[in-house]
Amino acid sequence: MPKAIISGMGMYIPEKVYDNAYMESIVDTNDEWIVRRTGIKERHASAPDEYTTDMATVAARNAIADAGLTPEDIDLIMLATVTPDYFTPACACVVQGNIGAVNAAAFDYNAACSSFITGLVTANQFIENGCYKHILIICADCLTKATDYKDRATCVLFGDAAGAAVISAADNAAGILASEIGADGTGAKFITSLAFRNDEDEIEKRVSGRKDTIWMAGQSVMKFAVKAMADSSNRVLEKAGLTYDDIKLVIPHQANYRIVDSAIKRMGVEKEKVFLHLEKFGNTSASCIPVALCEAVQQGIIERGDRIILVGFGGGLTWGAALLEF
Ligand code: UT7
Numbered sequence: 006m007p008k009a010i011i012s013g014m015g016m017y018i019p020e021k022v023y024d025n026a027y028m029e030s031i032v033d034t035n036d037e038w039i040v041r042r043t044g045i046k047e048r049h050a051s052a053p054d055e056y057t058t059d060m061a062t063v064a065a066r067n068a069i070a071d072a073g074l075t076p077e078d079i080d081l082i083m084l085a086t087v088t089p090d091y092f093t094p095a096c097a098c099v100v101q102g103n104i105g106a107v108n109a110a111a112f113d114y115n116a117a118c119s120s121f122i123t124g125l126v127t128a129n130q131f132i133e134n135g136c137y138k139h140i141l142i143i144c145a146d147c148l149t150k151a152t153d154y155k156d157r158a159t160c161v162l163f164g165d166a167a168g169a170a171v172i173s174a175a176d177n178a179a180g181i182l183a184s185e186i187g188a189d190g191t192g193a194k195f196i197t198s199l200a201f202r203n204d205e206d207e208i209e210k211r212v213s214g215r216k217d218t219i220w221m222a223g224q225s226v227m228k229f230a231v232k233a234m235a236d237s238s239n240r241v242l243e244k245a246g247l248t249y250d251d252i253k254l255v256i257p258h259q260a261n262y263r264i265v266d267s268a269i270k271r272m273g274v275e276k277e278k279v280f281l282h283l284e285k286f287g288n289t290s291a292s293c294i295p296v297a298l299c300e301a302v303q304q305g306i307i308e309r310g311d312r313i314i315l316v317g318f319g320g321g322l323t324w325g326a327a328l329l330e331f
């Protein structure tokens with residue numbers, strides 16, 4: 006049976022930077038509060054005329070080149086976003102057209118910040134059953150376009166980015182050793198951005214009154230996130246019959262350094278084994294994990310054969326973890 010390996014990684018980060026001084030200039034906040042409560046110093050913002058598919062297209066091209074492939078080699082494109090350019094067409098189809106992946110099926114999906122792991126687990130099924138050889142997973146979001154810049158509790162958190170990975174079939178590879186994904190819809194109300202619904206109570210929560218901005222019950226999400234990430238990571242480790250001594254790097258979803266700190270204490274893994282880029286990018290939703298993975302590879306922190314754990318949580322509420330041999 007072929008195994009799924011990550012054969013290429015790509016990313017895109019928009020140029021414009023919103024540092025904490027800029028946040029101080031638009032809402033009642035300060036650098037000390039933001040750094041102490043979140044760990045974030047800067048976040049990047051897409052240009053006014055730059056959208057999710059634009060960022061996704063660059064990340065996709067980079068990932069395909071990194072895999073040593075051409076767009077024609079891609080069999081399927083799965084794109085995760087909570088900030089699509091359109092309700093229809095799917096962003097995945099737009100990217101397919103942009104890059105000329107003429108042989109690829111394409112669809113969007115949404116497991117919020119847990120999307121990269123959800124995509125990986127799904128791609129793994131297509132690879133192991135022999136259906137596809139090369140699958141492109143793209144996670145891309147323009148969260149700054151869905152941010153309520155009058156709400157200091159959320160606007161300091163979010164940034165824009167895109168991350169992509171080519172998942173390829175390989176013989177004689179270990180691939181994904183253990184994984185899980187999960188959801189708890191009773192927590193759906195904790196992170197929201199409205200499409201057609203006009204729920205008055207939801208609109209009232211938004212300082213700007215713009216219903217398509219992200220509102221979040223920060224404390225409730227934080228409580229869920231610590232347990233979800235730690236327990237999920239521990240479960241995949243146990244499933245694979247390994248311990249954290251066997252793991253080179255843990256890449257968690259990066260929403261808030263306090264969440265990561267508490268989660269890794271609960272896991273029992275050393276800080277040195279955890280990759281963080283939160284300080285410079287903020288919370289970039291689903292893109293966090295693939296961008297962090299891409300950086301870890303580019304910086305030589307992980308190499309082929311290293312065992313890594315990817316673990317995340319997000320709106321939905323959702324969570325997931327994957328233990329793989331890179
Ligand atoms: O990607 C997945 C989704 N997102 C997350 O995972 C985020 C999860 N939650 C969090 O990261 C945290 O809950 C936040 C960073 C959003 C907030 O931190 P907190 O420690 O939960 O703060 P809080 O909401 O309990 O607010 C504490 C105080 C409040 O003031 P009072 O009522 O104590 O006077 C807030 O009004 O901090 C105030 N506050 C701020 N002060 C300065 C909230 N935001 C700010 C701000 N600057 N930006």
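Sequential numbering of the sequence shown, starting at 6, is according to my numbering. The beta-carbon is built from N, C-alpha and C at its ideal position, and this holds for glycine as well.
- For the options D176, F195, L328, the alpha carbon positioned closest to that of A117 is the one of F195.
- Here A64 is not near A222, since their CB atoms are 7 Å or more apart.
- Taking the Cα positions, N177 is about 31 Å away from A61.
- D36 sits in a helix when the DSSP states are folded into three classes.
- In the structure shown, the three-state DSSP call for I219 is coil.
- A Cβ-Cβ contact shorter than 7 Å links L298 with I256.
- Each of V296, I10, I314, S292 was checked against the Cα of H139, and the nearest Cα belongs to I10.
- Around the Cβ of K8, a 10 Å sphere holds 16 or more other Cβ atoms; the residue is buried.
- Taking one beta carbon from each stretch, the region 215–234 and the region 249–263 have 3 or more pairs nearer than 8 Å; the two touch.
- Inter-residue distance for S238 and E275 is about 14 Å (C-alpha atoms, whole angstroms).
- Nearest to G164 by C-alpha distance, out of Q304, N25, N108, is N25.
- Sorting A169, G124, N129 by C-alpha distance to the C-alpha of P295 places A169 at the top.
- Pairing V316 with A301 gives a Cβ-Cβ distance that is not under 7 Å.
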